[in-house]
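Chains as they are written, first to last, in this note's numbering: chain A, 1 to 431; chain B, 432 to 862.
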């Protein structure tokens, strides 16, 4: 677990970089030394490019050019996001040898913020799954138990942060793919509102649901990275009354979940009133949208070279191909109804809280468990917020059986600081 | 054929109304007298409401209130468009006894323009077909040959105008439903660019393709009605050079069509260069979009009371239900590609010209002909412009075997006056 960046915050690193106690080149060296190949977090390490970027960052820092809190900080990027000159492998044999020509928009934002891109991290094949063990690159392993799933699809990004190889990583999240591995690996993962971080240059899974997000050791570091990337000023929550400042939290009770996981997270919000929300209906809506959009993107590959997919990916795509068109359209109509219901909730509360996952990380290679097939079960509590395009944050919330558990906060679009503030209070509470 | 309004233009009527040679009440009486029940154009005549509206219009006109060229003019409205207090029957047993509570937005525009709504006109069931002979109200008959289809789905609106019962009617057009019956019945029919006339209060067929349009004796009356309804100022085409003023026309050759029909329309544009455009691909795109959207709207009715549909409508809906979701999404991607191709054409030309229909009106009740099933064949040359959302106008272009043939003009969004100007030149040419 103990890579160099374990326990070091972006604030710590920034202080050291500015005081001269650390250099970007030095931090990069620590990152590279911290890589544990057995965990399989990285699929590409860009020694040369990263060293040049670190050298450049050090020169800028020395000459007084300040690019903000990510300046000189080593960052990892999920392998469905294009970084110019590096392979983008998508975790798939289909993209063997494929090299990106230009940076994805989110990578441009990262570079503008002065970050040093260390390399590309393993992804569940085509980001189409939450387990992280289905990839031409093999399973990414959970640092808390190497025989267990990292979660996915931003598997390597979560593990690179959780094992202290980097302090920050970019991921993508279509049904939970930032928050799921964050929860399983005991770190923080943040999915902004739909559309805030541009998805250009990111291989699509389901364009109506795709988000770019960040993974870091703490919610506070997610907040710093989010603001550094987007240039969004810190939103100040309306100081209307005490309840707003303390955060009015509603608890969303999962219908089926590991009771120990639920109890652990629920204990953090003893006073939050429970509000009903049909997360299973929202998952059905998610599924109809993702099925149709994902298959549309893969149709030619499935027809022409089905054998290049991992078997589970192919099976899921073939199933997805059969979803009817009117069900897709109906899903958006139903989404609008849920959007109205949740907007009503978010008029009365600042935050919704629930576990990120129904369970702790299952064993690598398992396709079914107590909640049925893992593929749908893994997104049960996360995908609703992709359907609704709302900002959602997963933060560490203790352990069950020695494995990390995540608490998930959701709020209205534009209310991101409420999430980070609440997570800060929670961190103070839980230590 | 010879109802009162045959050969009378909106300009004629306006002149007579303003000079006192005619009154709105008198025109309404002429409209009601001109109704030929055998043609089955109207499903509802609103004697009382229309008389009150005519009386009000006459009072306004007498007191110097002028609402423009539709003031005091009798107009018919397709029976999928809500008129407050009147039944909206959709041509279907499903809506037996259903009375609209409020006016559709386009009806509000009509009333604001001072028009007198005479009644509701027969529609192909749920506007889901181009033949006009599938309806709980029975077939609407073509005034040129009563054993032949009127065309649809705005069947009654076209026949009411073609037989001189009214000078103007509202229709809707999802794949050609204004232009098809206009062409078959020898009148003008105009479909504006997508979204220009609001569709609120109109029963949807396929929301991505649905347009409200107008039917009248001439293109000029369509123009007058369009501007009166929308309040759009007459767009002045850029006077850049002579070619723009005379209209640069490209000919789009239909791949399969009655050669006599093609020859008749082509003869009007002897100098127009032929440009390729895959109208059959565009029809496939149309079909994928309409199938999914139409079935989504009807799914519960099909499940709960299939027997209330006309057999052909039910058969088409059941077929539509099976279109796959990814095909729906792909259709929009393909649409974007065609939009680029046609935008390129409309950079080089002001207008595209082609026949409105592949054939003249088939016999009532026939479901198949020389071009296969009538349902797809009827929209072959019209539906492309719904897919692309471009303004399209059908105008009379002679006869083949004694039956009317229509010429269709298409232009870029905002170029509507180019259409009307070209139709004016054509009318001068053909008499």
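Note that the Cβ used here is the ideal one computed from N, Cα and C, for glycine as well.
Here the alpha carbon of residue 263 of chain A sits roughly 12 Å from the alpha carbon of residue 406 of chain A. Burial of residue 293 of chain A is indicated by the presence of at least 16 other C-beta atoms within 10 angstroms of its C-beta. Annotation for residue 745 of chain B: the continuous alpha helix (DSSP H) segment containing it runs 742-751. One finds 329 in chain A with Cβ atoms closer than 7 Å to the Cβ of residue 724 of chain B, taken in chain order. Within its own chain, the residues whose Cβ lies closer than 7 Å to the Cβ of residue 805 of chain B, once the five positions on either side in sequence are excluded, are 562, 793, 797, 798, 799, listed in chain order. Among the residues facing chain A, residue 753 of chain B is included, as its CB has a counterpart in that chain under 8 Å away.
Contact between the region 758-769 of chain B and the region 712-730 of chain B is established, with three or more Cβ pairs separated by less than 8 Å.
Distance between residue 77 of chain A and residue 402 of chain A, taken at the CA atoms: about 28 Å.
For residue 729 of chain B, no beta strand (DSSP E) segment is defined; the enclosing uninterrupted segment is the alpha helix (DSSP H) at 710-735. DSSP, reduced to helix, strand and coil, places residue 621 of chain B within a strand of the structure shown. Here residue 860 of chain B is exposed: its Cβ has fewer than 16 other Cβ atoms, across all protein chains shown, within 10 Å. Residue pairing by DSSP puts residue 393 of chain A in a beta bridge opposite A:190, A:409. Below the 7 Å Cβ cutoff, chain A contributes no neighbours of residue 631 of chain B, its closest Cβ being approximately 16 Å away. Proximity of residue 738 of chain B to chain A, defined by a Cβ-Cβ separation below 8 Å, is not satisfied.
When C-beta distances to chain A are compared with 7 Å, every residue of the region 522-540 of chain B stays at or above that value. Within the region 535-578 of chain B, the complete alpha helix (DSSP H) segments of 4 residues or longer fall at 536-543, listed in chain order.
Between residue 727 of chain B and chain A, the shortest Cβ-Cβ separation is below 8 Å.
By the rule that beta-carbons nearer than 8 Å mark a contact, residue 770 of chain B does not touch chain A. Here DSSP, grouped into helix, strand and coil, assigns residue 600 of chain B to strand. Within 10 angstroms of the beta-carbon of residue 21 of chain A lie fewer than 16 other beta-carbons, which makes it exposed. No Cβ-Cβ contact shorter than 8 Å links residue 582 of chain B with residue 553 of chain B. Identification of chain A residues near residue 730 of chain B by a Cβ-Cβ cut-off of 8 Å yields 326, 330, ordered along the chain. Take residue 297 of chain A, set aside five residues on each side of it, and the residues of its chain with a beta-carbon closer than 6 Å to its own are 204, in chain order. Nearest to residue 702 of chain B by C-alpha distance, out of B:459, B:711, B:784, is B:784.
Residue range 756-779 is occupied by the alpha helix (DSSP H) that includes residue 760 of chain B.
Shown here for residue 390 of chain A: same chain residues with a beta carbon closer than 6 Å to its own, the five before and five after excluded, namely 410 in chain order.
Exclusion of the five residues before and after residue 851 of chain B leaves 650, 654 as the residues of its chain whose Cβ lies within less than 6 Å of its Cβ.
Secondary structure at residue 529 of chain B: coil, using DSSP grouped into helix, strand and coil.
Around the Cβ of residue 216 of chain A, a 10 Å sphere holds 16 or more other Cβ atoms; the residue is buried.
Counting only the Cα atoms, residue 197 of chain A lies some 44 Å from residue 681 of chain B. B:590 is the residue among B:529, B:823, B:590, B:495 whose C-alpha sits nearest the C-alpha of residue 564 of chain B. Secondary structure remark: continuous beta strand (DSSP E) runs of at least 3 residues inside the region 475-524 of chain B, in chain order: 505-509. Judged by beta-carbon spacing, residue 657 of chain B lies within the 8 Å limit of residue 623 of chain B, meaning their Cβ atoms are closer than that value. Taking one beta carbon from each stretch, the region 269-288 of chain A and the region 339-348 of chain A have 3 or more pairs nearer than 8 Å; the two touch. Counting along the chain, the unbroken beta strand (DSSP E) around residue 644 of chain B starts and ends at 642-647.
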